[in-house]
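The structure appears below as structure tokens.
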Amino acid sequence: KILIIGANGQLGLVLTKALQCKFGLERVVASDLEKREQYQGKFEVIDATDINRIQEVVINHKITQIYHLAAILSAKGEENPLGTWDINMKTLFNVLEVSRMHKLDKVFFPSSIAVFGEGAPLDHTPNDAYLNPATVYGMSKASGENWANYYYLKYGLDVRSIRYPGVIGYQSQPNGGTTDYAVDIYHKAILEEEFICFLEENTTLPMIFMDDVVRATIELMEAPKEVITMRTSYNIAGISFSPNQIAQEIRKIYPNFRIVYKPDFRQEIASKWPRSIDDTVAKNDWGWEPKFDLKDITAIMVQELKKKYKRDSENKT
Ligand code: VAH
4 KILIIGANGQ LGLVLTKALQ CKFGLERVVA SDLEKREQYQ GKFEVIDATD INRIQEVVIN
64 HKITQIYHLA AILSAKGEEN PLGTWDINMK TLFNVLEVSR MHKLDKVFFP SSIAVFGEGA
124 PLDHTPNDAY LNPATVYGMS KASGENWANY YYLKYGLDVR SIRYPGVIGY QSQPNGGTTD
184 YAVDIYHKAI LEEEFICFLE ENTTLPMIFM DDVVRATIEL MEAPKEVITM RTSYNIAGIS
244 FSPNQIAQEI RKIYPNFRIV YKPDFRQEIA SKWPRSIDDT VAKNDWGWEP KFDLKDITAI
304 MVQELKKKYK RDSENKT
């Protein structure tokens, strides 16, 4: 039985559905701070800062795996540094402790390219690069990776982790991230509205399509234990691009699409992140291979968001 913490989030929403499809509604328990209406499947309200509540759900549902997808992301995290550290670390400690005490089979801990700072190469950043993250979110993920490794070494807990690039999907909205522009831009294109971009036009960042993220996560979690050589976290790469490149791709479908660049504090965060990622270790250990490039992502985002906005307008009439 799988428990997803943070099931209402950008990744949580999509990963929950994928796990339900793969393992059946009976074997997946979604959780977040509040229940979404018309939710299909098992759901429990969990505030992951409350270890007793996590323990209660693990016992009641006989949980054997936890996906810990709750965290405050890079941009939002900078508004309240100590508060972000508290929440991101406390929730992780609670998940690791409950998993250790109840001898769970596996734990998934999402990390991020935000763990890299100015000490890492900007291009083809390797898995073992020096980590000096410049955001509290990045610090909490780099520290979380070391805690994941510690629980594996000291208690044999099978914690697995991936450093996600910026995630782009049509099924959910990101919240508080520095890469969120790459989702919002498609919504504005469909609505034929001008897009104000909070990053400079040539800020190239590693990105990845949601379907690649879901597949990578499940592939890693389903891989035999023996192939896992990285107990901090795995780099994976999707496709790197800049706001200018994504705008050009959109203009092939929406020739009149307008973008205005108004960089804000998030430019400072993005400028310290890699331009591209080396994911050789993930490829060698568990056969990782991305499937979607910028052309594919743009075609699918436009197609799916057009359907979504058409459904929304029909529901209104
Ligand atoms: C963020 N989307 O922007 C997240 C992610 C690599 C970026 O960690 O904070």
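Numbering (UniProt numbering), first residue to last: 4 to 320.
Ideal placement from N, C-alpha and C gives every residue a C-beta, glycine not left out.
All values reported here derive from a predicted model rather than from experimental measurement.
DSSP, reduced to helix, strand and coil, places L208 within a strand of the structure shown. A buried status is given to C200, since no fewer than 16 other beta-carbon atoms sit within 10 Å of its beta-carbon. Secondary structure remark: continuous alpha helix (DSSP H) runs of at least 4 residues inside the segment 35-114, in chain order: 54-63, 77-80, 84-104. The three-state reading of DSSP puts R254 in helix, counting H, G and I together. Taking one beta carbon from each stretch, the segment 155-171 and the segment 252-270 have fewer than 3 pairs nearer than 8 Å; the two do not touch.
For L76, the shortest C-beta to heavy atom distance toward the ligand VAH is below 8 Å. In this structure, Y140 has its beta carbon less than 8 Å from a heavy atom of the ligand VAH.
The bridge partners DSSP lists for C24 come to none. Only residues of its own chain outside the window of five on either side were considered, and among them P277, R278 have a CB closer than 6 Å to the CB of L125, listed in chain order.
Counting along the chain, no beta strand (DSSP E) covers F268; the unbroken alpha helix (DSSP H) around it starts and ends at 268-273. Looking at the DSSP output, S164 sits in a beta bridge with F112. The C-alpha of T320 is placed about 43 Å away from the C-alpha of E292. Rounded to whole angstroms, the Cβ separation of T206 and S245 is 6 Å, and the two are in contact under 8 Å. Taking non-hydrogen atoms of the ligand VAH into account, the C-beta of I116 is found less than 8 Å away from one of them. Contact check for L308 against I211 fails: the beta carbons are separated by 9 Å or more. For A240, the CB contacts under 8 Å within the same chain, skipping 5 residues up- and downstream, are P168, P209, I211, S279, I280, D281, D282, P293 in chain order.
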